[in-house]
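Colleague: Mind having a look at this structure? Questions to follow.
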Ligand SMILES: Cc1cc2nc3c(=O)[nH]c(=O)nc-3n(C[C@H](O)[C@H](O)[C@H](O)COP(=O)(O)OP(=O)(O)OC[C@H]3O[C@@H](n4cnc5c(N)ncnc54)[C@H](O)[C@@H]3O)c2cc1C
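In our numbering, the protein residues as written are 1001 to 1414.
Structure representation (structure tokens):
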């Protein structure tokens, strides 16, 4: 493939960069390692501060991609090598098979009979899903997939043969595609910080301690409980919930930096609970609230809610309290008093780790001490989105558009 711009990462940053570049008349190849575009945004229940569903924004972008022949999308794909200089780069993109032919989209409902089930990674393993499935109702590309580990399961083979589905090829092989490009944008985003490392907060030991990203999936209508927020241990309704801010963030032993969006994410999620349970009590434990600019209004709204209590103190520990409840202990730094609150569910506001730090790119990229890309003009690639630092979607879009301008300059040498 020959192209002008190669974009690695099909989250909102990569999608925006691809669309903006293509709409200036450039050829673009967009590479995404999952079998669908959208990245983390697709996993969100609602967007702050408007509390609208993120899929609306994604759908508009998917339409822009669908209607623009200048954009080629490779999913299930990752670069394994990139060589050359801006203006003349060669990348090898490794494409994993989806085992389902591109023109097969008529399987709706047939997956219900699939006997092979796997942990649903999209929902952080909180439920199981069919191994033969559409990755998402609004998946782009709208294409069924079978996971690698299930494609070789004899039960899958038998199911495909007995059901007479013709669009599946269980012998499909991976392939390497050579892409020649003039510039590369790196938009590989972030991974949630591993809450298992926060021993004092009992994640993994107490089922009613969940992370903020799990909370997005729990609240989502296509999530593990179909959008009903219930106590994970026994599916009981929520009478009281607590948010633990800076769970591992701004902490020398974990992530020393602030992830910029966690305060807003928790304030938003407190609304998810109050919408479903008008009488539920919410406790938010902050070191301080980082809600700059227009976000301050949203923080004020939550503060004004008489059933929401804001504690200024870092949670020191979470323990079992019996009856499925968990108890949080924190020192309130305003009053100097030790506070204890027992709740049905504790939500840990864990931060964002740059994917570059956990999955090294096959090309040298300048990063800071945490693995965020430095756009200081010395890398062959241009970073965009959370790959360059924690940020919300609006800032991601702005930066991705700027990255296109920088990439266009690199292509032409001007
Ligand atoms: C709990 C929580 C709630 C949030 N809620 C909001 C909100 O309400 N509003 C808001 O504005 N922001 C919110 N955010 C922030 C938002 O998630 C980010 O701004 C957004 O995800 C940034 O998009 P991105 O494209 O940079 O990264 P990502 O969404 O991480 O996308 C990166 C993409 O790159 C792909 N990728 C990774 N490595 C490779 C590779 N080697 N090759 C190919 N593809 C690769 C990934 O699969 C992924 O699809 C929230 C964050 C958190 C933690």
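Idealized CB from N, CA, C, for every residue including glycine. Being a predicted model, the structure only gives us computed values, none of them experimental.
Return yes when at least one heavy atom of ligand 1 lies under 8 angstroms from the C-beta of residue 1395, else no.
Modeller: Sequence index remark: in the chain shown, residue 1395 carries index 395 (1-based). Within the cutoff, so yes.
Colleague: What are the boundary residues of the alpha helix (DSSP H) that residue 1287 is part of?
Modeller: Numbered from 1 along the chain shown, position 287 holds the residue referred to as residue 1287. Segment: none, residue 1287 is in no alpha helix (DSSP H) and carries neither H nor E.
Colleague: Rounded to a whole number of angstroms, what is the C-alpha to C-alpha distance between residue 1327 and residue 1146?
Modeller: Counted from its first residue, the chain shown places residue 1327 at position 327. Counted from its first residue, the chain shown places residue 1146 at position 146. The alpha-carbon atoms of residue 1327 and residue 1146 are separated by roughly 42 angstroms.
Colleague: Select from 1240, 1161 and 1058 the residue whose C-alpha is nearest the C-alpha of residue 1011.
Modeller: For the purposes of this step, residue 1011 is identified with residue 11 of the chain shown, where counting begins at 1. Considering only alpha carbons, the answer is 1058.
Colleague: Grab me the residues of residue 1004's own chain with a C-beta within less than 8 angstroms of its C-beta, minus the 5 sequence neighbours each way, in chain order.
Modeller: Locating residue 1004 in the chain shown gives position 4, counting from the first residue. Counting only Cβ-Cβ distances below 8 angstroms, and skipping sequence neighbours, we find 1021, 1026, 1027, 1028, 1181, 1182, 1183 and 1411.
Colleague: DSSP puts residue 1338 in a beta bridge; with which residues?
Modeller: Your numbering for residue 1338 matches position 338 in the chain shown. Answer is 1331, bridged to residue 1338.
Colleague: So, residue 1267 versus residue 1291, is the Cβ gap smaller than 9 angstroms?
Modeller: The residue you call residue 1267 lines up with position 267 of the chain shown. The residue you call residue 1291 lines up with position 291 of the chain shown. Going by C-beta atoms, residue 1267 is nearer than 9 angstroms to residue 1291.
Colleague: Spell out the partners DSSP gives residue 1002 in its beta bridges.
Modeller: Taking the first residue of the chain shown as 1, we reach residue 1002 at position 2. Bridge partners of residue 1002: 1180.
Colleague: Find the nearest neighbour of residue 1187 within the set 1035, 1414 and 1397, judged by alpha-carbon distance.
Modeller: On the chain shown, position 187 is the one that residue 1187 refers to. Residue 1187 has its Cα closest to that of 1397, out of 1035, 1414 and 1397.
Colleague: Helix, strand or coil for residue 1233, going by three-state DSSP, please let me know.
Modeller: Indexing the chain shown from 1 puts residue 1233 at position 233. Residue 1233 falls in the coil class under three-state DSSP.
Colleague: For residue 1123, is the beta carbon positioned less than 8 angstroms from some heavy atom of ligand 1?
Modeller: What you label residue 1123 is simply residue 123 of the chain shown in a count that begins at 1. For ligand 1, not one heavy atom lies less than 8 angstroms from the Cβ of residue 1123.
Colleague: Counting only runs of 4+ residues fully inside the region 1347–1401, write out the alpha helix (DSSP H) ranges in chain order.
Modeller: Runs of the alpha helix (DSSP H) inside the region 1347–1401: 1355–1358.
Colleague: For the alpha helix (DSSP H) that residue 1218 lies in, which residues bound it at each end?
Modeller: Taking the chain shown and counting its residues from 1, one reaches residue 1218 at position 218. Segment 1212–1219, the alpha helix (DSSP H) holding residue 1218.
Colleague: Using a threshold of 9 angstroms, state whether the C-beta atoms of residue 1118 and residue 1131 are closer than that.
Modeller: On the chain shown, position 118 is the one that residue 1118 refers to. On the chain shown, position 131 is the one that residue 1131 refers to. Result yes, Cβ atoms of residue 1118 and residue 1131 sit closer than 9 angstroms.
Colleague: Closer than 8 angstroms: is that where the CB of residue 1392 sits relative to any heavy atom of ligand 1?
Modeller: Locating residue 1392 in the chain shown gives position 392, where the first residue counts as 1. Yes.
Colleague: Are there any heavy atoms of ligand 1 lying less than 8 angstroms away from the beta-carbon of residue 1048, as far as the coordinates show?
Modeller: Indexing the chain shown from 1 puts residue 1048 at position 48. Indeed, a heavy atom of ligand 1 lies less than 8 angstroms from the Cβ.
Colleague: Out of 1135, 1190, 1115 and 1336, point me to the one whose CA is closest to residue 1163's CA.
Modeller: Position 163 of the chain shown, counting from 1, holds the residue named residue 1163. Minimum Cα distance to residue 1163 is reached at 1115.
Colleague: Between the region 1268–1282 and the region 1368–1378, do three or more beta carbon pairs fall short of 8 angstroms?
Modeller: No: the two stretches stay apart, fewer than three of their Cβ pairs being nearer than 8 angstroms.
Colleague: At the level of alpha carbons, what is the spacing between residue 1199 and residue 1016?
Modeller: Locating residue 1199 in the chain shown gives position 199, counting from the first residue. Locating residue 1016 in the chain shown gives position 16, counting from the first residue. Approximately 38 angstroms, taken between the alpha carbons.
Colleague: Quick one: using the 10 Å Cβ neighbour count with 16 as the cut-off for buried, is residue 1260 buried or exposed?
Modeller: Counting from 1 along the chain shown, the entry for residue 1260 is found at position 260. Residue 1260 is buried by the Cβ-count criterion.
Colleague: Using 8 angstroms as the cut-off, classify the Cβ of residue 1148 as near or not near the heavy atoms of ligand 1, replying yes or no.
Modeller: The residue you call residue 1148 lines up with position 148 of the chain shown. For ligand 1, not one heavy atom lies less than 8 angstroms from the Cβ of residue 1148.
Colleague: For a test of the three-state rule: what should DSSP assign to residue 1267, helix, strand or coil?
Modeller: Reading the chain shown from its first residue, position 267 is the one you call residue 1267. Helix.
Colleague: Could you pull the start and end residues of the alpha helix (DSSP H) that residue 1058 belongs to?
Modeller: Along the chain shown, one-based indexing puts residue 1058 at 58. That run of the alpha helix (DSSP H) goes 1054–1066.
Colleague: Go ahead and pull the three-state DSSP assignment for residue 1157.
Modeller: Here residue 1157 refers to the residue found at position 157 when the chain shown is read from its first residue. Here residue 1157 sits in helix by DSSP.
Colleague: What residues match up with residue 1094 in a beta bridge as DSSP calls it?
Modeller: Against the chain shown, residue 1094 aligns to sequence position 94. Residue 1094 is bridged to 1078 and 1176.
Colleague: Quick one: what's residue 1313 bridged to in DSSP?
Modeller: Residue mapping note: residue 1313 aligns to position 313 of the chain shown, counting from 1. Answer by DSSP bridge pairing: none, since residue 1313 is not bridged.
Colleague: Check for me: the beta strand (DSSP E) holding residue 1149 runs from which residue to which?
Modeller: Sequence index remark: in the chain shown, residue 1149 carries index 149 (1-based). Careful: residue 1149 lies outside any beta strand (DSSP E), inside the alpha helix (DSSP H) at 1148–1151.
Colleague: Ligand 1 and residue 1032: does the residue's C-beta get closer than 8 angstroms to at least one heavy atom of that ligand?
Modeller: Numbered from 1 along the chain shown, position 32 holds the residue referred to as residue 1032. Within the cutoff, so yes.
Colleague: Residues bridged to residue 1129 by DSSP?
Modeller: Numbered from 1 along the chain shown, position 129 holds the residue referred to as residue 1129. BP columns for residue 1129 point to 1118.
Colleague: If you follow the beta strand (DSSP E) that residue 1243 is in, where does it begin and where does it stop?
Modeller: Along the chain shown, read from residue 1 onward, the residue named residue 1243 stands at position 243. Run containing residue 1243: 1240–1244, per the beta strand (DSSP E) assignment.
Colleague: Any contact of the region 1282–1302 with the region 1240–1252, i.e. 3+ C-beta pairs under 8 angstroms?
Modeller: Short answer: they touch.
Colleague: Within its chain, find whatever has a CB closer than 6 angstroms to the CB of residue 1139; leave out the 5 residues flanking it on each side and keep chain order.
Modeller: Residue mapping note: residue 1139 aligns to position 139 of the chain shown, counting from 1. Contacts found: 1036.
Colleague: For residue 1320, which of 1329, 1314, 1313 and 1312 has the nearest alpha-carbon?
Modeller: Along the chain shown, one-based indexing puts residue 1320 at 320. For the residues 1329, 1314, 1313 and 1312, the minimum Cα distance to residue 1320 belongs to 1329.
Colleague: Starting from residue 1032, trace the beta strand (DSSP E) both ways and give me its first and last residue.
Modeller: What you label residue 1032 is simply residue 32 of the chain shown in a count that begins at 1. Taken as a continuous stretch (DSSP letters only), the beta strand (DSSP E) holding residue 1032 covers 1028–1032.
Colleague: Residues in its own chain within less than 7 angstroms of residue 1299 by CB, not counting five upstream and five downstream?
Modeller: Locating residue 1299 in the chain shown gives position 299, counting from the first residue. These residues qualify, in order along the chain: 1267, 1289 and 1291.
Colleague: Report all residues from its chain with a CB closer than 6 angstroms to the CB of residue 1390; omit the five preceding and five following residues, and keep chain order.
Modeller: For the purposes of this step, residue 1390 is taken as residue 390 along the chain shown, with counting starting at 1. Contacts found: 1259, 1260 and 1352.
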